[in-house]
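Colleague: Starting off with a structure, shown below.
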Amino acid sequence: MKYVANLTKEDLSGDKIGVFFGTFAPLHVGHQAEIYKAAALNDGVLVVTSGYTGDRGEQIGLPLLKRFRYLRQAFADEWQIKVDYLNEDGMPKMPDGWDVWLEKLIVTIKRNIVNKKARITFYTGEEDYKREIEKRLGHDPQYAVSLMDRTILNISATKIRKHPLKYWDYINRVFRRHFVQKVLVMGASNSGKSTLIRRLARSANSPFSEDFATIYQEESNVADSEMDIKDYSNVIQGQYQANSAEINSPANNGLAIFNGDAIGLQAYSNLLLNPEERLQLAHLYNTTIKAEEMDLILLIPPFNDPKRKIIRKTGAAIDSQSYHKELLRLIDFYGFSDKLVILDAKNQPNDPAGYYARYLQALDAIEEHTSFDIEHHE
1 MKYVANLTKE DLSGDKIGVF FGTFAPLHVG HQAEIYKAAA LNDGVLVVTS
51 GYTGDRGEQI GLPLLKRFRY LRQAFADEWQ IKVDYLNEDG MPKMPDGWDV
101 WLEKLIVTIK RNIVNKKARI TFYTGEEDYK REIEKRLGHD PQYAVSLMDR
151 TILNISATKI RKHPLKYWDY INRVFRRHFV QKVLVMGASN SGKSTLIRRL
201 ARSANSPFSE DFATIYQEES NVADSEMDIK DYSNVIQGQY QANSAEINSP
251 ANNGLAIFNG DAIGLQAYSN LLLNPEERLQ LAHLYNTTIK AEEMDLILLI
301 PPFNDPKRKI IRKTGAAIDS QSYHKELLRL IDFYGFSDKL VILDAKNQPN
351 DPAGYYARYL QALDAIEEHT SFDIEHHE
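Residue numbers (full-length UniProt numbering): 1 to 378.
Structural data, given as structure tokens:
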């Protein structure tokens with residue numbers, strides 16, 4: 001099937017058009033079931049997300065325009081379903097705003113359909129909404145209202161907002177990215193960081209990212225001490241994209257664990273580049289770190305293990321103690337100290353290097369600082 005252009009989707013054609021409206025904070029399988037029902041019973045469906053500044057969606061970080069973009073992506077491959085939004089800013093609050101809101105909704109509908117005289121059916125799950133629309137449009141044969149059957153899929157956006165991981169399977173995959181718990185593991189080169197990340201992620205059956213800097217340096221044939229501004233810029237953006245790919249992965253079960261971020265890279269570049277070069281990268285670091293929004297940072301401090309196998313030799317450009325101090329400084333500078341857990345669990349006689357102790361401490365930290373539950377036994 002030919003992919004349907006998302007940003008240039010054609011106006012809906014036909015004599016019967018369904019209109020499904022709501023806040024969609026977030027879109028869930030109950031919404032989808034009714035939207036697909038409307039699509040089966042009509043020639044096309046217009047999905048309209050509405051809201052205002054400070055609404056219940058924005059209160060959880062899903063403002064109106066973000067919901068609109070997510071919805072448009074969710075139905076990008078559906079030629080029969082088109083998405084638009086209705087901004088309620090400046091309107092009287094409900095129930096006083098019904099006249100203005102409905103008038104604006106009809107304008108929104110008309111600009112998205114070819115046949116302006118098509119039969120319009122509104123789909124809603126609220127008795128009050130049905131009554132208010134019929135009160136205003138019931139005399140016009142062009143319009144009808146259909147009440148959704150909520151008993152088919154008994155889920156609500158309110159339940160999801162309160163307990164997203166509990167109702168994870170009901171959240172549309174595009175919207176899941178907003179609710180994922182993001183855990184970053186940091187540490188100097190050859191600290192066992194990658195191994196710990198892999199084992200934590202597999203213990204939770206969750207996706208994890210690779211250290212993009214290692215991949216980039218191998219492919220570009222460049223050591224730590226040889227990296228310039230262009231290299232760091234490529235790695236900053238590459239690591240962000242690698243982390244984003246895991247967030248958007250179908251394997252995402254509500255937890256994603258990352259092997260690298262902009263703070264870790266900035267700590268490296270601060271120790272290896274001159275002040276002028278660091279200044280040139282500052283804006284990219286700031287914008288990327290702001291967008292990453294980590295929920296938990298696990299930091300492996302320097303430790304001694306004479307039996308440890310050195311895997312990444314390029315990490316010898318700086319010593320682990322200096323890197324650790326710079327990481328702590330940057331974490332505090334960006335205001336993330338409250339999200340930091342230093343993996344400094346005491347060694348046991350049968351675990352002299354502390355690998356298992358750090359693993360258990362990391363599992364406990366994830367359970368304590370996120371809403372994701374990993375069943376494990378000490």
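Glycine included, every Cβ here is placed at the ideal spot set by N, Cα and C. This one's a predicted model, so the numbers in the text were calculated from it and none came from an experiment.
#1: Exposed or buried, residue 184, counting other C-beta atoms within 10 Å across all chains shown (16 or more means buried)?
#2: So which of 271, 367 and 110 has the shortest CA-CA distance to residue 203?
#3: Tell me the DSSP secondary structure of residue 60 in three-state form.
#4: Which residue's Cα is closest to the Cα of residue 266: 246, 257 and 228?
#5: Can the beta-carbon of residue 255 be found closer than 9 Å to that of residue 341?
#6: Which residues in the same chain as residue 288 place their Cβ atom closer than 7 Å to its Cβ, once the five residues preceding and following it in sequence are excluded?
#7: Buried or exposed: which applies to residue 65, given that a residue is buried once 16 or more other Cβ atoms fall within 10 Å of its Cβ?
#8: In this structure, what does DSSP give as the bridge partners for residue 146?
#9: Just to confirm the assignment, what range does the beta strand (DSSP E) spanning residue 318 have?
#10: Quick one: grab the DSSP three-state call for residue 170.
#11: Can you give the Cα-Cα distance for residue 61 and residue 304, rounded to whole angstroms?
#12: Take the Cβ of residue 111 as the centre, count every other Cβ of all protein chains shown within 10 Å, and call the residue buried at 16 or more, exposed below.
#13: Does DSSP put residue 374 in a helix, a strand or coil?
#14: Considering only residues of the same chain and omitting the five flanking positions on each side of residue 174, which have a CB-CB separation below 7 Å?
#15: Counting only runs of 4+ residues fully inside the segment 270-300, write out the alpha helix (DSSP H) ranges in chain order.
#16: For residue 20, list the residues DSSP reports as bridge partners.
#17: Around the C-beta of residue 131, are 16 or more other C-beta atoms found within 10 angstroms, so that it is buried, or is it exposed?
#18: Following the continuous alpha helix (DSSP H) through residue 196, name the residue where it begins and the one where it ends.
#19: So which of 205, 295, 197 and 281 has the shortest CA-CA distance to residue 356?
#20: Can you tell me where the beta strand (DSSP E) with residue 183 in it begins and where it stops?
#21: Any Cβ of chain C within less than 9 Å of the Cβ of residue 55?
#22: Going along the chain, which residues of its own chain have a beta-carbon closer than 8 Å to the beta-carbon of residue 359, five neighbours each way excluded?
#23: Roughly how far, in whole angstroms, is the beta-carbon of residue 121 from the beta-carbon of residue 42, given that I think they are within contact range, below 8 Å?
#24: Go ahead and label residue 187 buried or exposed: buried means 16 or more other beta carbons lie within 10 angstroms of its beta carbon, across all protein chains shown.
#25: Which two residues bound the contiguous beta strand (DSSP E) that contains residue 258?
#26: What's the call for residue 337, buried or exposed, on a 16-neighbour Cβ count within 10 Å?
#27: Have a look at residue 118 and residue 14 and give me their C-alpha separation to the nearest angstrom.
#28: Rounded to the nearest angstrom, what separates residue 155 and residue 148 at their Cα positions?
#29: Which word fits residue 114, buried or exposed, when buried means at least 16 other C-beta atoms lie within 10 angstroms of its C-beta?
#30: By the 10 Å Cβ neighbour count, where 16 or more other Cβ atoms means buried, how is residue 56 classified, buried or exposed?
#31: Start and end of the alpha helix (DSSP H) containing residue 384?
#32: Ignore the nearest five residues each way along the sequence and tell me which others in residue 324's own chain have a CB closer than 7 Å to its CB.
#33: Please determine if the segment 162-169 and the segment 245-254 are in contact, where contact requires at least 3 C-beta pairs separated by less than 8 Å.
Modeller: In this structure, then:
#1: With 16 or more other Cβ atoms inside 10 Å of its own Cβ, residue 184 counts as buried.
#2: Among 271, 367 and 110, the Cα nearest to that of residue 203 is on 367.
#3: Residue state, collapsed to three classes: helix.
#4: A check of alpha carbon separations from residue 266 across 246, 257 and 228 identifies 228 as the nearest.
#5: Taking 9 Å as the Cβ cut-off, residue 255 and residue 341 do not qualify as a contacting pair.
#6: In its chain, beyond the 5 residues on either side, 236, 240 and 262 have a beta carbon closer than 7 Å to the beta carbon of residue 288.
#7: By the 10 Å Cβ count, residue 65 comes out exposed.
#8: DSSP lists 123 as partners of residue 146.
#9: Unbroken run through residue 318: none, as it is neither H nor E.
#10: Residue 170: helix per DSSP, three-state reduction.
#11: C-alpha separation (whole angstroms): 42 Å.
#12: Classification of residue 111: exposed, given that the 10 Å Cβ count is below 16.
#13: DSSP, reduced to helix, strand and coil, places residue 374 outside both helices and strands of the structure shown, so it counts as coil.
#14: Result list for residue 174: 70, 73 and 74, in chain order.
#15: Fully enclosed alpha helix (DSSP H) runs of 4 or longer: 275-292.
#16: For residue 20, the beta-bridge partners assigned by DSSP are 47 and 123.
#17: With fewer than 16 Cβ atoms within 10 Å of its Cβ, residue 131 is classed as exposed.
#18: Unbroken alpha helix (DSSP H) run through residue 196: 193-204.
#19: That would be 197, whose Cα lies nearest to the Cα of residue 356.
#20: Residues 181-187.
#21: In the displayed structure, chain C is absent; only one protein chain is listed.
#22: So the list reads 196, 199 and 200, once near-sequence residues are dropped.
#23: Right, their Cβ atoms sit about 7 Å apart.
#24: Residue 187 comes out buried.
#25: Element bounds for residue 258: 255-258.
#26: Answer is exposed; the Cβ neighbour count stays below 16.
#27: Taking the straight line from one Cα to the other gives about 7 Å.
#28: Answer to the nearest angstrom: the Cα atoms are 13 Å apart.
#29: Burial call: exposed.
#30: Residue burial is scored here from C-beta neighbours: residue 56 has fewer than 16 other C-beta atoms within 10 angstroms and is therefore classed as exposed.
#31: Missing from the structure shown is residue 384; the chain here goes from 1 to 378 and no further.
#32: Sequence-distant Cβ neighbours of residue 324 in its own chain, meaning closer than 7 Å and more than five residues away, are 188, 301 and 302.
#33: These segments touch.
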